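Step one of this worksheet: look at the structure below.
There are 2 protein chains.
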Amino acid sequence: MIDVDNALNIINENTKKLPLEKKDILSCLNKILAEDIYSKDDLPPFDKSAMDGYAIKSDDTRNCDAENAAEFEIKGSIKAGDYCEDELKSGEAFKIMTGAPLPKGADAVIEIEKVEVKGSILKVSQIVNKDNNVVKLGEETKVGELALNRGSKIRPVEIGLLASLGYSSVNVYKSPTVALIITGDELVSIDSKLKRGKIRNSNEYSLKALIKNLGAKVLSLGVIKDDKDNLREKIKYALENADIVVSSGGASVGDYDFIDDLLKEIGADIKFTSVAIKPGKPVTFATYEEKLFFSLPGNPLSLITTFQELVKPAIEKMMGKQFENKGEFPVILMEDFKAKIGRKKYIYVEIKEHDGKYYAYKVGSQSSNHLMTMSRSNGIIIIPEKCANVKAGEVLNGKFIL
Amino acid sequence: MIDVDNALNIINENTKKLPLEKKDILSCLNKILAEDIYSKDDLPPFDKSAMDGYAIKSDDTRNCDAENAAEFEIKGSIKAGDYCEDELKSGEAFKIMTGAPLPKGADAVIEIEKVEVKGSILKVSQIVNKDNNVVKLGEETKVGELALNRGSKIRPVEIGLLASLGYSSVNVYKSPTVALIITGDELVSIDSKLKRGKIRNSNEYSLKALIKNLGAKVLSLGVIKDDKDNLREKIKYALENADIVVSSGGASVGDYDFIDDLLKEIGADIKFTSVAIKPGKPVTFATYEEKLFFSLPGNPLSLITTFQELVKPAIEKMMGKQFENKGEFPVILMEDFKAKIGRKKYIYVEIKEHDGKYYAYKVGSQSSNHLMTMSRSNGIIIIPEKCANVKAGEVLNGKFIL
Numbered sequence: 001m002i003d004v005d006n007a008l009n010i011i012n013e014n015t016k017k018l019p020l021e022k023k024d025i026l027s028c029l030n031k032i033l034a035e036d037i038y039s040k041d042d043l044p045p046f047d048k049s050a051m052d053g054y055a056i057k058s059d060d061t062r063n064c065d066a067e068n069a070a071e072f073e074i075k076g077s078i079k080a081g082d083y084c085e086d087e088l089k090s091g092e093a094f095k096i097m098t099g100a101p102l103p104k105g106a107d108a109v110i111e112i113e114k115v116e117v118k119g120s121i122l123k124v125s126q127i128v129n130k131d132n133n134v135v136k137l138g139e140e141t142k143v144g145e146l147a148l149n150r151g152s153k154i155r156p157v158e159i160g161l162l163a164s165l166g167y168s169s170v171n172v173y174k175s176p177t178v179a180l181i182i183t184g185d186e187l188v189s190i191d192s193k194l195k196r197g198k199i200r201n202s203n204e205y206s207l208k209a210l211i212k213n214l215g216a217k218v219l220s221l222g223v224i225k226d227d228k229d230n231l232r233e234k235i236k237y238a239l240e241n242a243d244i245v246v247s248s249g250g251a252s253v254g255d256y257d258f259i260d261d262l263l264k265e266i267g268a269d270i271k272f273t274s275v276a277i278k279p280g281k282p283v284t285f286a287t288y289e290e291k292l293f294f295s296l297p298g299n300p301l302s303l304i305t306t307f308q309e310l311v312k313p314a315i316e317k318m319m320g321k322q323f324e325n326k327g328e329f330p331v332i333l334m335e336d337f338k339a340k341i342g343r344k345k346y347i348y349v350e351i352k353e354h355d356g357k358y359y360a361y362k363v364g365s366q367s368s369n370h371l372m373t374m375s376r377s378n379g380i381i382i383i384p385e386k387c388a389n390v391k392a393g394e395v396l397n398g399k400f401i402l
Numbered sequence: 001m002i003d004v005d006n007a008l009n010i011i012n013e014n015t016k017k018l019p020l021e022k023k024d025i026l027s028c029l030n031k032i033l034a035e036d037i038y039s040k041d042d043l044p045p046f047d048k049s050a051m052d053g054y055a056i057k058s059d060d061t062r063n064c065d066a067e068n069a070a071e072f073e074i075k076g077s078i079k080a081g082d083y084c085e086d087e088l089k090s091g092e093a094f095k096i097m098t099g100a101p102l103p104k105g106a107d108a109v110i111e112i113e114k115v116e117v118k119g120s121i122l123k124v125s126q127i128v129n130k131d132n133n134v135v136k137l138g139e140e141t142k143v144g145e146l147a148l149n150r151g152s153k154i155r156p157v158e159i160g161l162l163a164s165l166g167y168s169s170v171n172v173y174k175s176p177t178v179a180l181i182i183t184g185d186e187l188v189s190i191d192s193k194l195k196r197g198k199i200r201n202s203n204e205y206s207l208k209a210l211i212k213n214l215g216a217k218v219l220s221l222g223v224i225k226d227d228k229d230n231l232r233e234k235i236k237y238a239l240e241n242a243d244i245v246v247s248s249g250g251a252s253v254g255d256y257d258f259i260d261d262l263l264k265e266i267g268a269d270i271k272f273t274s275v276a277i278k279p280g281k282p283v284t285f286a287t288y289e290e291k292l293f294f295s296l297p298g299n300p301l302s303l304i305t306t307f308q309e310l311v312k313p314a315i316e317k318m319m320g321k322q323f324e325n326k327g328e329f330p331v332i333l334m335e336d337f338k339a340k341i342g343r344k345k346y347i348y349v350e351i352k353e354h355d356g357k358y359y360a361y362k363v364g365s366q367s368s369n370h371l372m373t374m375s376r377s378n379g380i381i382i383i384p385e386k387c388a389n390v391k392a393g394e395v396l397n398g399k400f401i402l
C-alpha cells in the first residue's frame, strides 16, 4: 500500500500530454492552448473614439471655461466602420461615434453630453485634454507581440481575444478517450427491478458524467461478466482503442477479482495495487505502452473519490493542464469526525462560508456505498494518514466538489 | 441610470423558469432537477457484505482470542450477484465476496486477511461484533423516502444516485435559446485583414462561449448592418424564435444606435436603458410578452461584464437555478486602484491566495476595449458606487471569473 502523494507521483511520471490538433476556436472552449499566439495587427488598428461625441484638436480648448466657450464648425460625421479622408483643422470638429476612427489632425473627443450644438456650430465650454476618450493605435497590443501563452486555458474571453486577433482556429491538446469496463455479476440495468442479490449499475453513469465534465471522450464497454476470458478480451480491446482505461470492481482480493491477474498476463506494467486512501484502497495502476489502466473499487463512493483524486489529474495532464490537485483551503470543523490512522481520509461534508471562513458540517454515513451522503455534500475535508479522530474546532484542509 | 441591485431586481421580477422536459439522466448533467425523486426500493435491497471475507454468526466468536480460536465449517461461497438459499447455522461459515448478500442466519463478516483457512475449516481468533462489515438493508435509503429534492443540481454523483434508484430519465427545466444580434458597421469577419476603420467581430464569439458554458442554446443572427429596417426585422425574428435576445452595440446615444427606438416601435416594454456599472452603462432591458431583451454595449470588456452580471442570472433562473450572483469573498488590495464615484466598478485583477487570504494585483488597463487585460486576469474586485480611488491594504469584495 502506498500513500496518495506517491501514487500521484507515479501516475504523473507515466502520463504524457497528447498530440496537438487544430480546431475552430469555439470547439476549443475550456481546453488548453498548445501554441503561443502572436498578434498579427496593432489593436486597435487606428486611433479610435471611446465615446459618442466630437473629434477636435485639444489645443483649441486651452482657454475654455463656462464663460468662454470655444466654437467649432462641424464638418461632418464619422460612424464606426467609416474612414475619414479629410484632415481636421483648427476650429473644426467632426461628430464621431463610439468605435469610429479619429480623423487625421484630431487628438481628442468630447462626449456628446458635454457640448452644445446649434446647426453646424459646436460649442465647448471646458478644457479637453489630449487623448481624451481616445483609444490609441496599438494600445491593447502591437503587431508581433505575444498575446496568449501556450498553456493558457481558453475561456470565453480568450475566444473573443482570438477572434479579435484573426485566429479562427488554434492548436490545442487532443482530448483523451477513456474506456470504461464495469465488472460485477450483481449489476443489473437501470430499468430493471431489483431481484435478490442484485443492485443497479450506477458506476457507469457516474463515470460517464465525471469524464464528460472534464471534456474527455468516453468509450464504454458496459457491464462485463466476471468471466476471465471475456474480461481479458475486453481489456485488450479497451487498451487498443482508448488512451486511458478505467475499470470499476474486480480490484479487491476476492476469488472473482481477476483484473490484476489479467493485466500481468497481457504484459501490462503494474505500478501499484493499493493506495492509502479512504474511501478507496484497492486501486491498481498499470501502464501498457503509452496507455494507462486504472482499476478502481466498485463501491460508488470509493469509485468517485479515487477517480477524482487519481484519474482526473492524469486526464487533465493529457489535455495540457498542470498535473495538480489544487483548490484546498482551511476548514473549521463544527463537529467531531471519527477516523482511523493509516489512510488519507476524504470525508464528505457540507461546507458553509461565513465572513470569509469555512465551516464543515456532517451530512451522513461515510460508508463507501452511500451515494446519498455524497449527494448531500458540497465538499470534503481531508484527514491526513497519520491522524485519527478529529474534534470540533480543529482546522483541516478541505475543498469543494463539483 | 439605475444601480446594479435595482437592475437585478427588475430582471428577476420579469424572468420565469421555463417549462419542464423529461431527459435521459446523462443529458441532465449540470442541469437543475425539476421534480422530487423518491426511492422505489430499499437500498441496499439486502444485508450486504462490505468486504471479501467469511459470513458467520457473531455469537460463535464471543469467547475467541489468540489462544482460543473458534472453528467453522465452510459450507460454500457466495459472490456478488448470487443469492444463497441455505440458512447458516452455528459453527458454519460461508466465504463471501464484497457486495454479496449475507446468507440467512449470518450477522457478521470477518475479513479474509484476518482468518486462517485449512481445507474446509475456518479459524477465527478474535471476537467479531454483530453487523461487522455488513451494510444493512435500507441503510442508505428506504422505499418511498425522498432521495433528491427538486431544485438540486445534477452533478455526477446525482447521475449515479438516480441510476442506482432506477431512474433512467427525469424532469429538468428546459434550457433557454439565446438569440444574438451583433451590430456595428465597423465589424469584419474573423478571417478578414483589417482595413481602415474596421475591427474584427469578436463579441459574437465571446457571447457564444459564455452561453455554451451556461448550458443554454445559441441562435446567432450574426452581424447586422446598422440599417433600421433590417434591424427591426431581425429583432422581431429573434424575439419570436428565442427566449432571450442579446444584442451587442447600438445601445449608446449615437446617431446609429437604433435599438431602443426599435424596441419601442415594436411594442416592447423597456424597463431601463442605463445601469450604474463600469465597464458598461448603456444597457437596455426590455420585455416582449414572456421574452427578455438585453441590449449590451459593444465594447468587448463592457459586453462580457454586463453579460455576466445581468444576463447570466436570468439565463440561470430560466433553467431553475437560484437568481443570485454569489461567490464573492474579501480580497486585500496589493496596489492602489483609481476609480470615480457614480458607478459600481468591476476591476479585472489577478487574485492570489496565500494562507487562506486573497490578494489582488493589477493586470493592465481597464479600458473597456481591452480583452487582453481580461485575459490576463483570473478575478475581479468590486468598487462600490459611492467609492472612488482605493488604496493598497484596503479590503474589497471580489470573485473569480471562469
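In order, the protein sequence lines correspond to chains Z and Y. Residue numbering for the first sequence follows full-length UniProt numbering, beginning at 1 and increasing consecutively. Residue numbering for the second sequence follows full-length UniProt numbering, beginning at 1 and increasing consecutively. Glycine included, every Cβ here is placed at the ideal spot set by N, Cα and C. Only a predicted model underlies this, so the values are computations on that prediction, with no experimental measurement involved.
Taking a Cβ distance cut-off of 7 angstroms, strictly less, list which residues of the region 297-322 of chain Y are near chain Z, in chain order. G298, P300, I304
Coil, strand or helix - P313(Z) by DSSP: Taking the first sequence and counting its residues from 1, the one referred to as residue 313(Z) is at position 313. If DSSP states are grouped into helix, strand and coil, P313(Z) belongs with the helices.
Could you tell me whether the region 241-250 of chain Y touches the region 175-184 of chain Y, where touching means 3 or more Cβ pairs closer than 8 angstroms? yes
Own chain residues within Cβ distance below 7 angstroms of E290(Y), not counting five before or after: The residue labelled residue 290(Y) in the question sits at position 290 within the second sequence. Taken in chain order, the residues that qualify are K16.
Classification of P95(Z) by the beta-carbon crowding that lies within 10 angstroms, buried from 16 upward: What you label residue 95(Z) is simply residue 95 of the first sequence in a count that begins at 1. According to the sequence provided, residue 95(Z) is Lys. The question's Pro does not apply to it. It is buried - the Cβ of K95(Z) has at least 16 other Cβ atoms within 10 Å.
Check the Cβ-Cβ distances between T284(Y) and every residue of chain Z, and say whether any is below 8 angstroms. One-based indexing of the second sequence puts residue 284(Y) at position 284. It does not: the Cβ of T284(Y) has no partner Cβ on chain Z nearer than 8 angstroms.
Can you grab the Cα-Cα spacing for the pair D3(Y) / L303(Y), in whole Å? For the purposes of this step, residue 3(Y) is taken as residue 3 along the second sequence, with counting starting at 1. For the purposes of this step, residue 303(Y) is taken as residue 303 along the second sequence, with counting starting at 1. Each residue's alpha carbon lies about 17 angstroms from the other.
Cβ-based burial, Y167(Z) [other Cβ within 10 Å; buried from 16]: Counting from one through the first sequence, the residue named residue 167(Z) turns up at place 167. Buried, by the Cβ-count rule.
CB contact below 8 angstroms: I121(Z) versus chain Y: Against the first sequence, residue 121(Z) aligns to sequence position 121. With 8 angstroms as the cut-off, I121(Z) does not count as an interface residue toward chain Y.
Please classify R62(Z) as buried or exposed, where buried requires at least 16 other C-beta atoms within 10 Å of its C-beta. As a first step, residue 62(Z) is located in the first sequence; it is residue number 62 there, counting from the start. With fewer than 16 Cβ atoms within 10 Å of its Cβ, R62(Z) is classed as exposed.
Check whether the region 45-63 of chain Z and the region 200-213 of chain Z touch, using three or more Cβ-Cβ pairs below 8 angstroms as the test. no
By Cβ distance, which residues of its chain are closer than 8 angstroms to E111(Y), with the 5 residues on each side in sequence left out? Translated into the one-based positions of the second sequence, residue 111(Y) becomes position 111. Result list for E111(Y): M51, D52, G53, N133, in chain order.
Touching by the beta-carbon criterion (3+ pairs, under 8 angstroms), the region 80-100 of chain Z and the region 57-72 of chain Z: yes
Which chain Z residues are close to M372(Y), counting only those with a beta carbon under 7 angstroms from its beta carbon? Position 372 of the second sequence, counted from the start, is the residue given in the question as residue 372(Y). Those are E140, T141, A147, L161, listed as they occur along chain Z.
Comparing the C-beta of R196(Z) with each C-beta of chain Y, is any distance below 8 angstroms? Locating residue 196(Z) in the first sequence gives position 196, counting from the first residue. Answer yes: the Cβ-Cβ gap between R196(Z) and chain Y drops below 8 angstroms somewhere.
Test: V135(Z) CB closer than 8 angstroms to a CB of chain Y: Counting from one through the first sequence, the residue named residue 135(Z) turns up at place 135. Yes, V135(Z) lies at the interface with chain Y (some Cβ there is under 8 angstroms from its Cβ).
Hey, out of S367(Z), C387(Z), A388(Z), whose CA is closest to G138(Y)'s CA? On the second sequence, residue 138(Y) is found 138 positions in, with the first residue counted as 1. It is S367(Z) whose Cα lies nearest to the Cα of G138(Y).
In this structure, does DSSP put K340(Y) in helix, strand or coil? Looking up residue 340(Y) in the second sequence gives position 340. Correct three-state label for K340(Y): coil.
Using only CA atoms, which one of K352(Y), E116(Y), K264(Y) lies nearest to F272(Y)? On the second sequence, position 272 is the one that residue 272(Y) refers to. The shortest C-alpha separation from F272(Y) is found at K264(Y).
So does the region 331-338 of chain Y actually touch the region 375-394 of chain Y, counting three or more Cβ pairs closer than 8 angstroms? yes
Return the first residue and the last residue of the alpha helix (DSSP H) that I10(Y) is part of. Residue numbering aside, residue 10(Y) sits at position 10 when the second sequence is read from its first letter. Per DSSP, I10(Y) belongs to the alpha helix (DSSP H) from 4-13.
Is there a C-beta anywhere in chain Z that falls below 8 angstroms from the one on E71(Y)? If you number the second sequence from 1, residue 71(Y) lands on position 71. With 8 angstroms as the cut-off, E71(Y) does not count as an interface residue toward chain Z.
Distance between beta carbons of G151(Y) and I32(Y), contact taken as under 8 angstroms: Numbered from 1 along the second sequence, position 32 holds the residue referred to as residue 32(Y). Numbered from 1 along the second sequence, position 151 holds the residue referred to as residue 151(Y). The pair is a contact, with the Cβ atoms about 6 angstroms apart (cut-off 8 angstroms).
What does E87(Y) reach in chain Z if we use C-beta pairs closer than 8 angstroms? In the second sequence, counting from the first residue as 1, residue 87(Y) sits at position 87. Residues of chain Z passing the Cβ test: none, with the nearest at roughly 15 angstroms.
DSSP has residue 408(Z) in a bridge; who is on the other side? It is not possible to answer for residue 408(Z), since the shown part of chain Z is limited to 1 through 402.
Given that a residue counts as buried once 16 or more other Cβ atoms are within 10 Å of its Cβ, and exposed if not, what is H354(Y)? Mapped onto the second sequence, residue 354(Y) falls at position 354. Burial call: exposed.
Determine which residues of the region 326-355 of chain Y have a Cβ less than 7 angstroms from any Cβ of chain Z, and write them out in chain order. F329, P330
Beta-carbon separation (whole angstroms), I154(Y) vs L122(Y), contact threshold 8 angstroms: As a first step, residue 154(Y) must be located in the second sequence, where it is residue number 154. As a first step, residue 122(Y) must be located in the second sequence, where it is residue number 122. Contact flag wrong, Cβ pair sits at about 45 angstroms.
Beta carbon proximity, Y205(Z) to chain Y, threshold 8 angstroms: Mapped onto the first sequence, residue 205(Z) falls at position 205. Answer yes: the Cβ-Cβ gap between Y205(Z) and chain Y drops below 8 angstroms somewhere.
Proximal residues, the region 40-54 of chain Y versus chain Z, C-beta separation under 7 angstroms: D41, P44, P45, F46, D52
Under three-state DSSP, which class holds P101(Z)? Start at 1 with the first residue of the first sequence, and residue 101(Z) comes out as number 101. In the structure shown, P101(Z) sits in a strand (DSSP, three-state: E or B).
With distances taken from CA atoms, which of Q126(Z), N30(Z), D107(Z) is nearest V115(Z)? As a working note, residue 115(Z) is residue 115 in the first sequence. Checked all of Q126(Z), N30(Z), D107(Z); the closest Cα to V115(Z) is Q126(Z).
I277(Z) (DSSP reduced to helix, strand or coil): Position 277 of the first sequence holds residue 277(Z). I277(Z): strand per DSSP, three-state reduction.
With H, G and I counted as helix, E and B as strand and the rest as coil, what does DSSP make of P45(Z)? As a first step, residue 45(Z) is located in the first sequence; it is residue number 45 there, counting from the start. DSSP places P45(Z) in coil when its eight states are reduced to three.
Taking CB distances under 8 angstroms as the criterion, tell me whether E186(Z) reaches chain Y. Position 186 of the first sequence, counted from the first residue, corresponds to residue 186(Z). By this cut-off, E186(Z) is an interface position.
Identify every residue that forms a DSSP beta bridge with T306(Z). As a working note, residue 306(Z) is residue 306 in the first sequence. The partner list for T306(Z) (beta bridge, DSSP) is empty, contrary to what the question assumes.
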